[in-house]
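In full-length UniProt numbering, the protein residues as written are 1 to 147.
Notes to accompany the following structure.
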Amino acid sequence: MLHIKRIAPDDIHSFQTLIKVFGETFEMKDFKMPSTTYLLSILDKPNFMAFIAEEDGRIIGGLTAFRLDLYYSEKPLAYIYDLAVLPAFQRLGNGQQLIKFFNNYCREHGYEEVFVQADLEDIHAVEFYKKTRPTNGEDVIHFYYTL
1 MLHIKRIAPD DIHSFQTLIK VFGETFEMKD FKMPSTTYLL SILDKPNFMA FIAEEDGRII
61 GGLTAFRLDL YYSEKPLAYI YDLAVLPAFQ RLGNGQQLIK FFNNYCREHG YEEVFVQADL
121 EDIHAVEFYK KTRPTNGEDV IHFYYTL
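What follows is the structure, encoded as structure tokens:
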């Protein structure tokens with residue numbers, strides 16, 4: 001049975017394991033794990049959230065998100081930055097359960113909206129998010145400024 005929970009600010013082991021899940025799922029070549037000190041500082045930020053999905057005590061997926069406090073509304077938004085489920089556990093509803101859990105978490109904590117980006121070229125991600133029954137979707141172009 002899938003168990004989903006938010007990673008505590010001092011649970012570096014779970015956070016590092018989740019990052020490894022991202023690395024494996026996203027096929028990140030030559031990825032170097034940031035230092036423990038740096039990762040603990042990320043976990044401690046009030047606008048950062050990380051959730052893990054465990055099956056039989058093993059982390060098989062999770063998501064990271066950021067709280068965005070805006071001046072248009074007193075309710076914050078949540079931006080899902082990364083969401084991944086290990087390949088062997090995909091297409092079993094685990095990713096959808098993560099989205100549902102996170103949406104409920106945000107609703108209970110007074111968020112106005114949750115949003116996530118999926119590149120149009122990433123057909124798998126686009127189809128996945130469509131299955132999660134979003135309220136809305138739109139085509140956008142992102143511009144980047146490498147510094």
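Every residue, glycine too, gets a C-beta built ideally from N, C-alpha and C.
Remember, it's a predicted structure, so these values are computed and weren't measured experimentally.
| task | Under the assumption that Val116 contacts Tyr129 (Cβ atoms under 8 Å), give the Cβ distance between them as a whole number of angstroms. | result | What you label residue 116 is simply residue 116 of the sequence shown in a count that begins at 1. What you label residue 129 is simply residue 129 of the sequence shown in a count that begins at 1. Between Tyr129 and Val116 the Cβ distance is about 6 Å, and since that is below 8 Å, they are a contact.
message: Would Ala78 and Gly62 qualify as a contact pair, given that the criterion is a beta-carbon distance under 8 Å?
response: Here the question's residue 78 lines up with position 78 in the sequence shown. Here the question's residue 62 lines up with position 62 in the sequence shown. Not in contact: Ala78 and Gly62 (Cβ atoms no closer than 8 Å).
Worksheet item: Rounded to a whole number of angstroms, what is the C-alpha to C-alpha distance between Ser73 and Arg67?
Response: Numbered from 1 along the sequence shown, position 73 holds the residue referred to as residue 73. Numbered from 1 along the sequence shown, position 67 holds the residue referred to as residue 67. So the two alpha carbons sit approximately 13 Å from each other.
Alpha carbons only, please: which of Leu83, Asp11 and His142 is nearest the one belonging to Phe26? Against the sequence shown, residue 26 aligns to sequence position 26. Comparing Cα-Cα distances from Phe26 to each of Leu83, Asp11 and His142, the minimum goes to Leu83.
Nearest candidate by alpha-carbon position, reference Glu121, set Asp139, Glu112, Gln90 and Arg107 = Within the sequence shown, numbered from 1, the residue matching residue 121 stands at position 121. If we check each option's Cα against that of Glu121, Asp139 comes out closest.
Nearest neighbour of Asp10, chosen from Val21, Val114, Leu39 and Gln97 [CA to CA]: As a first step, residue 10 is located in the sequence shown; it is residue number 10 there, counting from the start. Measuring from the Cα of Asp10, the nearest candidate turns out to be Leu39.
field: 6 Å Cβ shell around Tyr14 - same chain, five flanking residues per side excluded
entry: Within the sequence shown, numbered from 1, the residue matching residue 14 stands at position 14. Checking the sequence, you will find Ser at residue 14 rather than Tyr. Within the same chain, Ser14 has close Cβ partners Ile7 and Ile52.
Three-state secondary structure (DSSP) of Thr135: As a working note, residue 135 is residue 135 in the sequence shown. Coil.
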